[in-house]
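Which chain is which? The protein sequence lines are G and D, in order. According to the UniProt record's numbering, the residues represented by the first sequence are 1 to 326, in order. According to the UniProt record's numbering, the residues represented by the second sequence are 1 to 130, in order. Using N, Cα and C, we set each Cβ at its ideal position, and we do this for glycine too. Shown next, in structure tokens, is the structure this report addresses.
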Amino acid sequence: MLVGKRQLPFLLSIGLLIILSLLYFGFTARHLIEVHLLSGILITLISGLLFLFSLINFLVTSFIDPGYYPINTNNDEYEVIQHGISKSITVTGGATFSMRWCDECKHYRPPRSHHCCVCEMCVENFDHHCPWVDNCVGMKNYRYFVLFITSLILYILFGIGTTIAAIVLKRDSLLEVIVEFMLAIILPISLIPILALAVFHFYLMIIGKTTFEQIKSEDPSPYNKGFFCNLYLTFFTPAHPKYQKFEPSRTVRKQITTLERDRNVDKVPDSMDITCGPEVIVRVAAPTFNYNLRNGSYTSIGEKMNLYTQMNSTHSHTDSLATSDI
Amino acid sequence: MATFNIVPEHNKVFLSRDYTNGTACRFNMELPTELRNNVSESQFKDTVKHINDIFAEAERLSCRSYMEGCLGCLTAYTIFLCVRTHYEKCVDRVALYIVQQNKDVYEPLGVKICDPMERGLRCIEIQYCI
Chain G
1 MLVGKRQLPF LLSIGLLIIL SLLYFGFTAR HLIEVHLLSG ILITLISGLL
51 FLFSLINFLV TSFIDPGYYP INTNNDEYEV IQHGISKSIT VTGGATFSMR
101 WCDECKHYRP PRSHHCCVCE MCVENFDHHC PWVDNCVGMK NYRYFVLFIT
151 SLILYILFGI GTTIAAIVLK RDSLLEVIVE FMLAIILPIS LIPILALAVF
201 HFYLMIIGKT TFEQIKSEDP SPYNKGFFCN LYLTFFTPAH PKYQKFEPSR
251 TVRKQITTLE RDRNVDKVPD SMDITCGPEV IVRVAAPTFN YNLRNGSYTS
301 IGEKMNLYTQ MNSTHSHTDS LATSDI
Chain D
1 MATFNIVPEH NKVFLSRDYT NGTACRFNME LPTELRNNVS ESQFKDTVKH
51 INDIFAEAER LSCRSYMEGC LGCLTAYTIF LCVRTHYEKC VDRVALYIVQ
101 QNKDVYEPLG VKICDPMERG LRCIEIQYCI
């Protein structure tokens with residue numbers, strides 16, 4: 001990963017998480033173990049698990065593919081006559097949705113997706129681009145994002161509680177006092193924005209919308225399935241595998257190659273010559289995929305040409321036919 | 001003797017997604033008008049229905065998807081690095097099914113169906129010869 005201006009918030013957030021945790025385990029937890037061994041160890045264990053859980057979810061959120069749609073390099077999906085810049089389709093509950101043409105990705109944006117201008121890709125079920133995790137939050141990592149903020153809140157709350165307990169209990173060194181007081185001030189301050197974020201996201205789960213949809217319009221979402229169902233779907237819906245660089249499993253790849261090899265045994269010739277009249281040969285190249293020349297339209301091409309040359313018996317007409325009609 | 005070279009053009013048609021039942025992966029079963037000459041409607045419908053059935057199975061909320069989520073969480077998501085998820089297996093099945101169908105049915109008719117994963121499950125690309 002290239003470290004640039006974009007990665008600064010990410011480094012800041014992960015640095016803050018690790019440094020504060022180190023201070024907490026180095027001072028508060030150690031102090032509590034010294035005061036009472038068993039409860040101190042229990043507290044360290046619980047907070048350690050919460051720390052690990054939030055750190056893992058944080059890393060997963062930031063490094064996983066959020067659901068990028070591959071960019072259509074062929075640029076062949078634009079339907080000038082039928083749809084133009086936006087394509088109207090019917091979605092759940094009979095509502096109409098107009099899929100906008102994405103000029104960067106060269107495809108019609110599916111419902112609930114959005115083009116992220118930081119990642120420069122369209123993201124499935126786009127929620128928002130989070131600078132703190134330096135990634136988009138979308139279809140595939142929304143659950144990890146929610147798990148991260150939830151576990152982080154529990155971790156901070158637990159940290160605040162135990163730090164206050166440690167302050168109340170008697171202590172010996174001045175450094176310990178300073179660090180514990182610092183933690184007791186910094187942790188509640190950092191809790192406020194995260195708590196607001198979590199409340200907002202749980203509210204969004206209740207109404208079944210993404211952050212982007214909520215910002216764009218106040219109308220209820222047609223994809224809302226009720227609070228419990230939304231919650232269940234958020235965490236347990238089987239997510240699509242990443243679209244970019246997706247490869248079938250080795251066994252399936254092997255089976256596909258076997259099938260293709262079988263197919264190539266009776267592969268048609270690369271080209272076929274059709275004699276049209278006495279002096280003209282039309283050489284038709286085979287398509288890249290196997291195409292049965294015997295009952296395909298190649299015969300009809302030949303018939304058409306024969307007819308044409310018989311009717312006109314001049315080369316110029318055949319020439320124009322060859323280039324324009326086929 | 002004059003020789004003309006013709007390279008037949010591959011026309012493409014895109015089978016779009018069907019969003020009428022939500023954002024679950026499903027494709028329109030209607031036969032595109034461009035393919036009317038090559039493929040019979042019932043044959044095409046059967047193929048797309050089979051693809052849709054595999055995706056429906058992949059997206060179904062079941063004990064399996066629940067267990068997969070929990071197991072992933074417990075193993076710090078490292079399990080997804082070494083074990084293929086149910087969805088990925090289903091996508092593999094779709095890829096294999098399409099290759100088989102192409103070989104047996106569609107290519108002799110001058111039609112080739114492509115793997116929907118190439119376009120992020122947004123649509124299925126179908127190539128055909130006129």
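Any C-beta of chain G under 7 Å from that of residue 136 of chain D | Because chain D here runs from 1 to 130, residue 136 of chain D falls outside it and cannot be looked at.
To the nearest angstrom, how far is it from the Cα of F181 of chain G to the Cα of T163 of chain G?
-> 8 Å
Contacts around I98 of chain D, its chain only, beta-carbon distance under 7 Å, and the 5 residues preceding and following it disregarded = Correct list, in chain order: I113 and D115.
What residues in the stretch 24 to 44 of chain D have a beta carbon less than 8 Å from any beta carbon of chain G?
-> C25: these are the residues of the stretch 24 to 44 of chain D whose beta carbon lies less than 8 Å from some beta carbon of chain G, given in chain order.
Are there 16 or more other CB atoms within 10 angstroms of the CB of T96 of chain G, so buried, or fewer, so exposed?
-> By the C-beta density criterion, T96 of chain G is exposed, having fewer than 16 other C-beta atoms within 10 angstroms.
Just grab the DSSP bridge partners of R93 of chain D for me.
-> According to DSSP, which records beta bridges pairwise, R93 of chain D is partnered with nothing at all.
According to DSSP, residues forming a beta bridge with M121 of chain G = G:C116
State the Cα-Cα distance for the pair F55 of chain D and V48 of chain D, rounded to the nearest angstrom.
-> As the crow flies, the alpha-carbon of F55 of chain D is around 11 Å from that of V48 of chain D.
Assuming S217 of chain G contacts I207 of chain G (C-beta within less than 8 Å), just tell me the rounded distance between them.
-> Not really, about 12 Å apart at Cβ, beyond 8 Å.
Cross-strand partners of I192 of chain G (DSSP beta bridge) = According to DSSP, which records beta bridges pairwise, I192 of chain G is partnered with nothing at all.
Nearest to A196 of chain G (by Cα), restricted to the options G:I186, G:I153 and G:F227 | G:I153
Could you give the distance in angstroms between the alpha-carbon of residue 158 of chain D and the alpha-carbon of I56 of chain G?
-> This structure does not reach residue 158 of chain D, given that chain D is present from 1 up to 130, and the question cannot be answered.
Among residues of its own chain, excluding the 5 on either side of K242 of chain G, which ones have a beta-carbon nearer than 6 Å to its beta-carbon?
-> D65
Chain-ordered neighbours of D53 of chain D on chain G, where CB pairs are closer than 8 Å | The contacting residues do not exist; D53 of chain D stays about 15 Å from chain G at best.
Distance, Cα to Cα, L71 of chain D vs R143 of chain G?
-> 14 Å
Residues of chain G with CB under 8 Å from Y97 of chain D, in chain order?
-> What Y97 of chain D touches in chain G: nothing, since even the nearest Cβ is about 10 Å away.
Looking only at C-alpha atoms, which of G:P248, G:I167, G:C130 and G:V177 sits nearest to F58 of chain G?
-> G:C130
CB-CB under 8 Å to N224 of chain G, same chain, minus the five flanking residues each way: which ones, in chain order?
-> I207, G208, K209 and N230
Coil, strand or helix - Q127 of chain D by DSSP | It is a strand residue.
For F14 of chain D, the three-state DSSP class (helix, strand or coil) | strand
Whole-number beta carbon distance between E124 of chain G and G67 of chain G, since they are thought to touch under 8 Å | The C-beta separation of G67 of chain G from E124 of chain G comes to about 3 Å, placing the pair in contact by the 8 Å criterion.
Y203 of chain G: buried (16+ other C-beta within 10 angstroms of its C-beta) or exposed?
-> exposed
Hey, is Y77 of chain D's beta-carbon within less than 7 Å of any beta-carbon in chain G?
-> yes
Which whole runs of the alpha helix (DSSP H) in the UniProt domain "Palmitoyltransferase DHHC" (98 to 217) of chain G are 4 residues long or more, in chain order?
-> With a minimum length of 4 residues, the continuous alpha helix (DSSP H) runs that stay inside the UniProt domain "Palmitoyltransferase DHHC" (98 to 217) of chain G are 142 to 168, 174 to 207 and 211 to 216.
Cβ-based neighbour list, H114 of chain G, same chain, cut-off 8 Å, excluding 5 preceding and 5 following = C122, V123, F126 and F212
Give the residues from the stretch 81 to 98 of chain G that approach chain D closer than 9 Å (Cβ to any Cβ), ordered along the chain.
-> K87, I89, T90, V91, T92, G93, G94 and F97
Go ahead and label M99 of chain G buried or exposed: buried means 16 or more other beta carbons lie within 10 angstroms of its beta carbon, across all protein chains shown.
-> Within a 10 Å sphere around the beta-carbon of M99 of chain G sit 16 or more other beta-carbons, which makes this residue buried.
Run the CB neighbour count on L147 of chain G, radius 10 Å, all protein chains shown included, and call it buried at 16 or more, exposed below.
-> Under this definition L147 of chain G is a buried residue.
If you draw a straight line from the C-alpha of A58 of chain D to the C-alpha of Y87 of chain D, how long is it?
-> 5 Å
For T20 of chain D, which beta-bridge partners are listed by DSSP?
-> Residue pairing by DSSP places T20 of chain D in no beta bridge whatsoever.
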